[in-house]
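Peer 1: Before I ask anything, let me first share the structure, which is written out below as structure tokens.
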Amino acid sequence: MFKEQIKPAILSFLILTIITGVLYPLVVTGIAKVFFPKQANGSLIYRNQKPIGSSLIGQPFDNPKYFWGRPSATSPVAFNASASSGSNLGPLNSALAETITNRIKLYKAADPNNTAPVPVDLVTSSASGLDPHISLAAAFYQISRVARHRNLSQDTVKKIVLQHTKGRLMAIIGEPVVNVLEVNLELDEYKK
Amino acid sequence: MNWFNLVQTAIFLSALLLLVKPLGIYMALVYEGKPAGLNVWLAPVERWIYRLSFIKPDMSMSWKTYAAAVMLFNIIGIIVVYALQRLQAYLFLNPMSIPAVPPDLAFNTAVSFATNTNWQSYGGETTLSYLTQMLALTVQNFVSAATGMAILAALIRGFVQKQVETIGNFWVDLVRSTIYVLIPLALILSLILVSQGVVQTFKSSAKVALLQPTKDADGKIISEQTLALGPAASQVAIKQLGTNGGGFFNVNSAHPYENPTALSNFLETLAILLIPAALCYTFGFMVRDRRQGWAILAAMLIIFIPCLLSCIYFEQKGNPLFDRLGVDQNATALQPGGNMEGKEARFGVTSSAVWATATTAASNGSVNSMHDSYMPLGGLIPMWLMQLGEVIFGGVGSGLYGMIAFVIIAVFIAGLMIGRTPEYLGKKIESYEMKMASLMILIPPILVLVGTAVSVVLPQAKQAIFNPGTHGFSEILYAFSSTANNNGSAFAGLSTNNFFYNLTLGLVMFFARYWLVIPILAIAGSLSRKKVVPATQGTLPTHTPLFILFLVMVVLIVGALTFFPALALGPIVEHLMLGGG
Amino acid sequence: MSKSQKAKSLFEPSIVWPAIIDSMKKLDPRHQIKNPVMFVVLIGSILTTGLWLQALLGYGEAPAGFILAVSLWLWFTLLFANFSEAMAEGRGKAQAASLRRVRRDTPAKKLLKPKYGSTYETVSATTLRKGDVVLVEAGDFIPMDGEIIDGVASVDESAITGESAPVIRESGGDRSAVTGGTRVLSDWLVVRISANPGQTFLDHMIAMVEGAKRQKTPNEIALSILLAVFTLIFLLATVTLLPFSIYSVTTSGHGNPVTVTVLVALLVCLIPTTIGGLLPAIGIAGMDRMIQANVVAASGRAVEAAGDVDVLLLDKTGTITLGNRQAVDFIPAWGLTVESLADAAQLASLSDETPEGRSIVVLAKEKYRIRERHILELNAKFIPFTAQTRMSGVDLGDGRQIRKGAVEAIEAYVNKLGGSFPEDLKSTIESISKSGGTPLVVAEQTRVLGVIHLKDIVKGGIRERFAELRRMGIKTVMITGDNHLTAAAIAAEAGMDDFLAQATPETKLKLIREMQAGGRLVAMTGDGTNDAPALAQADVAVAMNTGTQAAKEAGNLVDLDSNPTKLIEIVKIGKQLLMTRGSLTTFSIANDVSKYFAIIPAAFVSTYPALATLNIMRLATPASAVLSAVIFNAIIIIFLIPLALRGVPYKPKPANSLLRNNLLVYGLGGIIAPFIGIKLIDMILVVLHLV
């Protein structure tokens, strides 16, 4: 009863391996290449034919003239896109409170006049460490600082922010977010 | 809780329920070998597979032969996955020149994927070559799921057949599950995911210049970002559909390349529950009483929905410590608010909590947020859903057959309470079925409790804890709850990539899967041999709200009574401490 | 029904005292190991006793007084469980003792040749073996179970049935079995012994009530498995608490690890001791209730199976109908008055002593005021019924010859005398047959006078009983030798679901087999030897005690009252047995919720003061909380002994509402009751300054 099954077991394993492990990914890759070449290769942003980022992967910013993204817990460097990672800090972990306190200080130091409480997504690390987005609240919180450092009106900055804001899917699903890298690129280009 | 929380949840559940019936009927027809479109057009492929592998599709197997075939096929799978990881350095499709995986980690990963657990001790993009991801992991994502579905098909036959010694042919069930159900769904899903931005390429990585160069931990200037790429979409689709959950990247579906948009997230979440939910309908369809399928689905939802809402509630309420520090975590039109530590901005609290609940209710285990950073009770929900035995949706196939084990226990107690030898779907439930069903509900708790107990005492195991205090206890409890129920999600702070955890968690996953497979097939065999008892007025109907509630109570009571002390010392006390300051 | 074996009041001193002593004896580990749940309690009791001794020596993990209190209550838990079992056995034993008094060593008259009048030797009954033949005369006790091969006698069977009226026993037919220990009141019997000593019906009965032969039934085995699994789960949940607690103490930096005493207390509270302790008592009490209903079961399995019956086969005669047909109407031929027919019919029946004959006389008198005349004053000659003529009647002194009989017989009689059968009566006859009645034709020489309508009378109240069975989900099937038409009419009148007409032993057997193949569990009652094959085939077979030895051996239950509707009683008892087990299991597990809320905060509050929030019952101290839970767990067993012995009441209802009711009482009740109970005990402990 057992022996008779050995041959089918090995052979069917081989055949299913070829179907699911070789044919299936190849077919998907092939179709993707034809129909969604940009998305399949990482949604890269090009300037002068050179890739300068991905619209899906965040980058680290701490210059006050840029919008800052979500804190990243990747190592050895923030936004290390070859080793994604979250902080995994528990809610009662004193390290979490400490990190958050430090992040708040950074924001306060960079923009002492802004007395509003810091939006939560600006001081909590993202799950992937690569989060390209921040909430609208987080973007608006930074507008005054960025505008001041760039000598732009807050309205101009806000307009740029809203240009790179993605609303909810069908106005319901997901959360509205601002793409930090895209906003910052636009800001740099706007100056020119 | 706010309006968006509820509406998003409602839309998600409605979409799920809408798909249950068509997919459920389709799968039933596939298993019954009746024409259902695809299985007509692809019939030559099916026949070729049989011919090439010397499978006699008409030969029905005794439960023992069926079990032998299952075990044989799975052990081959474990060996192949292990071998590919050990040899990947010498094989092709390894553009990043990743070295061989160490033996303990390779063992853990091999068992993890063959058992449909997909516990990640490995870090996807840094540990495995593309060849390993494709030939080892993607293959197992399909066949481990198909194994679960095949076993369920055999069990359903046990209810349908009358006085027959056999329960069907494993190879046929396996092949049909793979080529008629899993591949078509995965193909569709992966293409939609690519359109949203999930990467699908054999290029190893892309290098981009950083807009603002930064410094690493050592103070070195970094001006370039390396983006890990790869054939992710094809694997992500099946890991979601097959309740596998093993990510292409380390952070799984929190990674923007695995799950870039609200739509991709919605579909990936839907894919987690799709097949397990639809199989309930398949069950009802095949036993010729669709109410029975709806009843089980209802029981699952009765547990699932409150869990889902509480998880959203606790995460949305946020962390009281944040308030004290001067952080704005209120939900407004401009931000979702809530506990955003370990969550992605594009998902916010709702989509994260829905995923966390779905992925642990089903034994998927993929994540789009870091469960370790959840609020104590927000994190208790996913942990407890696993501890319930992965029967609220559960794994594809395995969740429903686990639930049927609970139904057998419930029917037995209820039968006694009305003074009648219990029967379910016309089959008498006797001491043999009770013995096997008891074994099934016994094994996972044993593995969870003993594994946790050993780990909180051994110094080398305690070292792995990341978060101090009670949360550290929760990390270990979560790890064993996850592996002993073949889920695979983690409180990822715990560093489990070491000899102790690779070995113990590997063994736990192995026993949790296969020690349940044998008893359920034994039940299938024993049920097949029985005659069908016609229903009378004295027969307890198993589709009524009363029975559904009773079943829910049995699942909850067994789960709650077993784990209440452990949970009290973990998340519950952590929550109480949070409240007390 | 039973008079001598009336149900004893529950806590009768003559049973309670020996039971208390027995419960001590049952502490023997060899006895306890048969019941895994209680064995765990035993281990826990021994362990805590050891811890107490250790504490006395000054090395205690907790105050000695606390450990002693916990330990004592664990021992009480065991004793209470043993007590329930001993009580059930005690009640059985009391019945066995009264039965044993019947089994006296009587002298027996062993015949040398198996016929009346042969010489006999007087031997002790205990030396008799199967096949021996004995003579029993008026005043003698029947020495052993046997089959009458000659003679007719009235027998006093009150010792077994409790029925004081003597019964007739005779050779041949369906009343040929006699039971050892009963007494012949008149005449004599020649009896062939059918059992060896120790295997008689009485021995069997005694063994059953004493529980000596008790084997676990299939459902009991399945339940034991479930209880063992729960025990194992809770064992793990508590044992692993020790490492969890050690970890918590290390990480939080205060408090002490949970003590073994508290863990043992928690374990005993969690494992299903209530059902585990009462399980043996429930089984024994179920058998006991059967005996009280005057039914002897061959095994516990039969009692349990009775609760599952789907189909009930019943003989028509004597069960559904009164056993005799009665005249209900006179229908005269065209041109004749009803009175003249009634008069002739009465004359023809005056000497007919059959119940049908008497009913004709009575009907004529009551309905048409025709005075009953004496046959002698008419100078008449009674013509009895014979198999050849198939008629009976009377020849009067004035030359009139009146006959009554079946249609064919009378038609032949009239035709022979040159008359003819009136066509108009044919349709009357047909309509009587169709309605399930029997037409009896009356003729005077060549003239047919009319028809008497004889009807089967369905027993009063039987319809309601069948309706009750239907509510239980049991289908009733009538078995009769009557033709299809008659059977259908009577079945409809009695409210039965189905019938088998013109039944023979073969068709009965076939019917049972077909139903079983369809997955149904079939019960039937029978008494005759020709019922034996069907009885043997049926899943639940109730043989009448008045029946033949063959029928009794084929049945797995014997009804001492020989009451065919006893099956309803039997089904109820079977269901009660299962329900009591199921309800107490649910109750037992539901109890655990409150015990967690009592013990978990108590056990860990020193490590995590925040856990005090979980002490929702606001129990006074950790010690009082643990103790209250343990005490509640022990005394609930005592409180539930009456329920275990009497059984959960059963009312015929659809399965769903039955489940709902029991879940509300034992499930919801099981969750709520201990919260109240534990709080009360805690308050008492505080008032008494015990903690």
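Line order of the protein sequences matches chains A, B and C.
Going by the numbering used here, the first residue of the first sequence is number 1, and it counts up by one from there.
Going by the numbering used here, the first residue of the second sequence is number 193, and it counts up by one from there.
Going by the numbering used here, the first residue of the third sequence is number 774, and it counts up by one from there.
Don't be surprised by glycine CBs; every beta carbon is placed ideally from N, CA and C.
1. Which residue wins for smallest C-alpha separation from residue 1050/C, given the options 1140/C, 1060/C, 997/C?
2. Take the Cβ of residue 784/C as the centre, count every other Cβ of all protein chains shown within 10 Å, and call the residue buried at 16 or more, exposed below.
3. Please list the terminal residues of the continuous alpha helix (DSSP H) segment that includes residue 431/B.
4. Let me know if residue 538/B comes out buried or exposed under the rule of 16 or more other beta-carbons within 10 Å of its beta-carbon.
5. Distance cutoff 8 Å, beta carbons only. Does residue 173/A sit that close to anything in chain B?
6. What's the C-alpha gap between residue 873/C and residue 864/C?
7. Starting from the beta carbon of residue 142/A, find every residue of chain B whose beta carbon is closer than 9 Å, and list them in chain order.
8. For a contact defined as C-beta to C-beta under 9 Å, what are the partners of residue 270/B on chain A?
9. List, in chain order, every chain C residue whose beta-carbon is nearer than 7 Å to that of residue 622/B.
10. Quick check on residue 661/B: buried or exposed, where buried means 16 or more other Cβ atoms within 10 Å of its Cβ?
11. Give the single residue among 108/A, 39/A, 34/A, 61/A whose Cα lies nearest to the Cα of residue 794/B.
12. So which residues on chain B does residue 7/A lean against when the C-beta distance must stay under 8 Å?
13. Closer than 8 Å, CB to CB, is residue 486/B near chain A or not?
14. Give the straight-line distance between the Cα atoms of residue 985/C and residue 724/B, rounded to the nearest whole angstrom.
15. Pull up the DSSP beta-bridge partners for residue 1070/C, would you.
16. Of the choices 1081/C, 1447/C, 1104/C, 1279/C, whose alpha-carbon is the least far from that of residue 1211/C?
17. Does the beta-carbon of residue 199/B have 16 or more other beta-carbons within 10 angstroms, so that it is buried, or is it exposed?
18. If I measure Cβ to Cβ from residue 814/C and keep anything under 7 Å in the same chain, skipping five residues before and after, which residues do I get?
19. Are residue 1082/C and residue 1247/C closer than 8 Å when you measure CB to CB?
20. What are the residues that DSSP puts in a beta bridge with residue 208/A?
21. At the 8 Å Cβ level, is residue 565/B part of the contact set with chain A, yes or no?
22. Determine whether the beta carbon atoms of residue 767/B and residue 681/B lie at a separation below 8 Å.
23. In chain order, what residues of the same chain lie with their CB nearer than 6 Å to the CB of residue 740/B, ignoring the 5 residues before and after it?
24. Could you tell me whether the Cβ of residue 1428/C comes closer than 8 Å to any Cβ of chain B?
25. So which residues of chain C does residue 675/B contact, with C-beta pairs closer than 7 Å?
26. What's the C-alpha gap between residue 1419/C and residue 509/B?
27. Distance cutoff 8 Å, beta carbons only. Does residue 1383/C sit that close to anything in chain B?
28. Which of the residues in the stretch 357 to 372 of chain B, read from start to end, lie with their CB under 9 Å from any CB of chain A?
29. Can the beta-carbon of residue 799/B be found closer than 8 Å to that of residue 575/B?
30. Can you give the Cα-Cα distance for residue 771/B and residue 513/B, rounded to whole angstroms?
31. Distance, Cα to Cα, residue 587/B vs residue 632/B?
32. From the beta carbon of residue 449/B, is the nearest beta carbon of chain A less than 8 Å away?
33. Classify residue 51/A as helix, strand or coil using the three-state DSSP reduction.
34. Using DSSP's beta-bridge definition, name the partner residues of residue 62/A.
35. Does the CB of residue 773/B have a neighbour CB from chain A at under 8 Å?
36. Tell me the DSSP bridge mates of residue 879/C?
Peer 2: Let me lay it out:
1. 997/C
2. Counting the other CB atoms within 10 Å of its CB gives residue 784/C a total below 16, which places it among the exposed residues.
3. Where residue 431/B is concerned, the enclosing alpha helix (DSSP H) stretches over 424 to 433.
4. buried
5. So, interface residue.
6. 14 Å
7. The contacting residues do not exist; residue 142/A stays about 13 Å from chain B at best.
8. None at all; the shortest Cβ gap to chain A is about 11 Å.
9. 991, 995
10. buried
11. Shown here, chain B extends from 193 to 773; a query on residue 794/B therefore has no answer.
12. 245, 246
13. For residue 486/B, the answer is no, since every Cβ of chain A falls outside 8 Å of its Cβ.
14. Note on residue 985/C: pLDDT 46, under 50, position unreliable in the model; the coordinate value appears next. Each residue's Cα considered, the two are about 35 Å apart.
15. 1330/C
16. 1104/C
17. Exposed: under 16 other Cβ atoms inside 10 Å.
18. 847, 850, 851, 1041, 1046
19. yes
20. Past the boundaries of the shown model lies residue 208/A; chain A is included only from 1 to 192, so the question cannot be answered.
21. yes
22. no
23. 487, 490, 491
24. yes
25. The premise fails here: residue 675/B is roughly 16 Å from chain C at the closest Cβ pair, so nothing lies under 7 Å.
26. 53 Å
27. yes
28. 362, 363, 366, 367, 370, 371
29. One cannot answer for residue 799/B here, as it falls past the ends of chain B, which runs 193 to 773.
30. 10 Å
31. 15 Å
32. yes
33. strand
34. Paired residue(s): none; residue 62/A is not in a bridge.
35. For residue 773/B, the pLDDT reaches just 43, beneath the cut-off of 50, and the residue's location in the model is therefore unreliable, leaving the point undetermined.
36. In DSSP, residue 879/C forms no bridge with anything.
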